[in-house]
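S.K.: For the sequence shown, the residue numbers in this note's numbering are 25 to 355.
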Amino acid sequence: MALFRKSKVLSSFLIRRCSNLSNLTIVSVDKGVKRITLNNPKKRNALSSAMLDQLERDIFDDAQDVNLRCIVLQSNGPVFSSGHDLKELYNSDQKTREEIFKKCSEVMVGIRNVPVPVIAVVNGLAAAAGCQLVASCDISIASSKSQFSTPGASVGLFCSTPGIAVSRNVPLKIASYMLLTGNNLIAKDAIQAGLISRMVEEQELEIETEKSEGSNVMVKNLSHKEAKEAYTIDVVSRTPTIKRPQESPTEGELAKYEENTSLFEINIGISKYKVGVLESYSDASHITGHSITGIVCWWSHFQTESKPVHSNHFSLQKEIVAVIKAVRELV
25 MALFRKSKVL SSFLIRRCSN LSNLTIVSVD KGVKRITLNN PKKRNALSSA MLDQLERDIF
85 DDAQDVNLRC IVLQSNGPVF SSGHDLKELY NSDQKTREEI FKKCSEVMVG IRNVPVPVIA
145 VVNGLAAAAG CQLVASCDIS IASSKSQFST PGASVGLFCS TPGIAVSRNV PLKIASYMLL
205 TGNNLIAKDA IQAGLISRMV EEQELEIETE KSEGSNVMVK NLSHKEAKEA YTIDVVSRTP
265 TIKRPQESPT EGELAKYEEN TSLFEINIGI SKYKVGVLES YSDASHITGH SITGIVCWWS
325 HFQTESKPVH SNHFSLQKEI VAVIKAVREL V
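See the structure below:
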């Protein structure tokens with residue numbers, strides 16, 4: 025009998041454990057509204073490879089359903105998403121890291137191509153790629169306690185890829201503040217900057233979300249699909265982060281560019297980065313050099329004068345390395 029009870033307890037534990045591993049997200053659909061809840065609060069809803077795979081399935085599998093009216097992205101726990109799983113990146117080989125960043129780019133760019141509105145509902149911290157996820161959605165609703173950040177600069181790992189999405193949404197001065205200092209942007213400042221659409225008190229967040237997903241939200245049909253596509257192209261083409269004198273790039277070009285930005289950044293600094301903390305803060309030359317690398321990569325998005333922005337991202341490698349060497353000689 026005692027053995028049976030122990031077996032039952034073990035079985036119950038294994039079931040809960042498997043459930044926790046498999047249910048990285050919770051999906052519900054009601055009256056054409058699909059709610060996707062990030063459900064890994066113990067890991068701050070990090071965008072691990074498994075989480076990205078799950079989000080890809082949840083968001084895109086039924087995106088063409090004629091009954092789908094909108095998609096809501098929300099989270100369990102005090103953190104909307106802390107961004108990439110840094111421990112996973114550190115422990116992965118280069119090929120795996122390439123796949124993770126490619127998947128992340130596909131999800132972020134894919135959200136902008138979904139034919140119905142995608143609404144981010146934030147009630148806490150959205151950091152790094154988590155902030156990028158919010159910035160990639162059509163509508164963002166946040167509680168007054170929410171905060172947004174691209175914190176990489178504070179430890180020498182510049183958030184160049186999230187900077188692309190963030191700088192599409194906010195003015196250059198605000199993007200520079202977030203990306204160059206790593207400081208948080210509180211919800212009140214985020215709505216003034218244009219990073220979020222609405223700010224309400226925490227207890228009113230659900231009511232505000234229901235308003236946004238209600239009868240006024242467009243129902244999928246041909247005319248609305250074309251309207252959203254035209255709107256997206258118009259907005260993107262006027263964003264300084266991707267402006268070209270000749271033409272505006274396609275979403276596919278942006279995805280490749282975002283992927284290359286991440287890969288270039290991570291290959292420079294991943295060997296020194298562990299679970300959000302540099303192995304040695306005394307290596308000031310590495311911290312400064314890596315920050316300079318990310319800053320140059322990100323800042324290159326704003327160069328729109330004499331030539332296209334980065335037809336080949338890696339063509340700047342020699343110039344960036346020269347800057348890093350010069351900085352190291354001064355440290």
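We put the CB at the ideal spot given by N, CA and C, even for glycine.
With DSSP as the reference, label residue 93 as helix, strand or coil.
M.R.: By 1-based counting over the sequence shown, the position of residue 93 is 69. Residue 93 falls in the coil class under three-state DSSP.
S.K.: How is the beta strand (DSSP E) around residue 171 delimited, first residue to last?
M.R.: The residue given as residue 171 occupies position 147 in the sequence shown. It spans 171-173 - the beta strand (DSSP E) in which residue 171 sits, taken as one unbroken run.
S.K.: In the DSSP assignment, what residue or residues form a beta bridge with residue 99?
M.R.: The residue given as residue 99 occupies position 75 in the sequence shown. 62.
S.K.: Out of 56, 71, 125, point me to the one whose CA is closest to residue 49's CA.
M.R.: Taking the first residue of the sequence shown as 1, we reach residue 49 at position 25. For the residues 56, 71, 125, the minimum Cα distance to residue 49 belongs to 71.
S.K.: Am I right that residue 2 and residue 165 are in contact with their C-beta atoms under 8 Å? What's the rounded C-beta distance?
M.R.: Examination of residue 2 is not possible in this model, given that the chain is present from 25 through 355 alone.
S.K.: Within 10 angstroms of its Cβ, does residue 118 collect 16 or more other Cβ (buried), or is it exposed?
M.R.: Taking the first residue of the sequence shown as 1, we reach residue 118 at position 94. Exposed is the call here.
S.K.: Check whether the region 122-139 and the region 195-214 touch, using three or more Cβ-Cβ pairs below 8 Å as the test.
M.R.: Too few Cβ pairs lie closer than 8 Å, so no.
S.K.: How about residue 146 and residue 94: are their beta carbons less than 8 Å apart?
M.R.: Here residue 146 refers to the residue found at position 122 of the sequence shown. Here residue 94 refers to the residue found at position 70 of the sequence shown. Cβ atoms of residue 146 and residue 94: not closer than 8 Å.
S.K.: Classify residue 209 as helix, strand or coil using the three-state DSSP reduction.
M.R.: If you number the sequence shown from 1, residue 209 lands on position 185. Three-state DSSP puts residue 209 in a strand.
S.K.: If you count every other CB in all the chains shown that lies within 10 Å of the CB of residue 308, and 16 or more means buried, which is it?
M.R.: In the sequence shown, residue 308 corresponds to position 284, counting from 1. Model confidence at residue 308 stands at a pLDDT of 36, short of 50, so the residue's coordinates are unreliable; what they give is reported in the following sentence. With fewer than 16 Cβ atoms within 10 Å of its Cβ, residue 308 is classed as exposed.
S.K.: For residue 217 and residue 180, I'd like the C-alpha separation in whole angstroms.
M.R.: The sequence position of residue 217 within the sequence shown is 193, counting from 1. The sequence position of residue 180 within the sequence shown is 156, counting from 1. When rounded, the distance between both Cα atoms is 25 Å.
S.K.: Classify residue 292: buried if its beta carbon has 16 or more other beta carbons within 10 angstroms, exposed otherwise.
M.R.: Here the question's residue 292 lines up with position 268 in the sequence shown. The predicted position of residue 292 is uncertain, since its pLDDT is 44 and thus under 50; a value taken from the coordinates is nonetheless stated next. Looking at its Cβ environment, which holds 16 or more other Cβ atoms inside 10 Å, residue 292 is buried.
S.K.: Would you kindly work out how many angstroms separate the C-alpha atoms of residue 65 and residue 91, rounded to a whole number?
M.R.: Indexing the sequence shown from 1 puts residue 65 at position 41. Indexing the sequence shown from 1 puts residue 91 at position 67. Cα to Cα, residue 65 sits roughly 31 Å from residue 91.
S.K.: Might you give, ordered along the chain, the residues of its own chain that have their beta carbon closer than 6 Å to the beta carbon of residue 149, omitting 5 neighbours on each side?
M.R.: Position 125 of the sequence shown holds residue 149. If we look at residue 149 and ignore the five residues flanking it on each side, its Cβ neighbours are 103, 171.
S.K.: Is residue 105 near residue 176, with beta carbons less than 8 Å apart?
M.R.: One-based indexing of the sequence shown puts residue 105 at position 81. One-based indexing of the sequence shown puts residue 176 at position 152. Not in contact: residue 105 and residue 176 (Cβ atoms no closer than 8 Å).
S.K.: Just how far apart, CA to CA, sit residue 58 and residue 228?
M.R.: Along the sequence shown, read from residue 1 onward, the residue named residue 58 stands at position 34. Along the sequence shown, read from residue 1 onward, the residue named residue 228 stands at position 204. Cα to Cα, the separation comes out at about 20 Å.
S.K.: Can you find the residues in the same chain that come closer than 7 Å, C-beta to C-beta, to residue 74, ignoring five residues on each side of it along the sequence?
M.R.: If you number the sequence shown from 1, residue 74 lands on position 50. Closer than 7 Å at Cβ, skipping near neighbours: 48.
S.K.: According to DSSP, which residues form a beta bridge with residue 222?
M.R.: Taking the first residue of the sequence shown as 1, we reach residue 222 at position 198. Answer by DSSP bridge pairing, in chain order: 165.
S.K.: Let's see if you can read the secondary structure: which residues bound the beta strand (DSSP E) around residue 145?
M.R.: Here residue 145 corresponds to residue number 121 of the sequence shown, with the count starting at 1. Residues 142-146.
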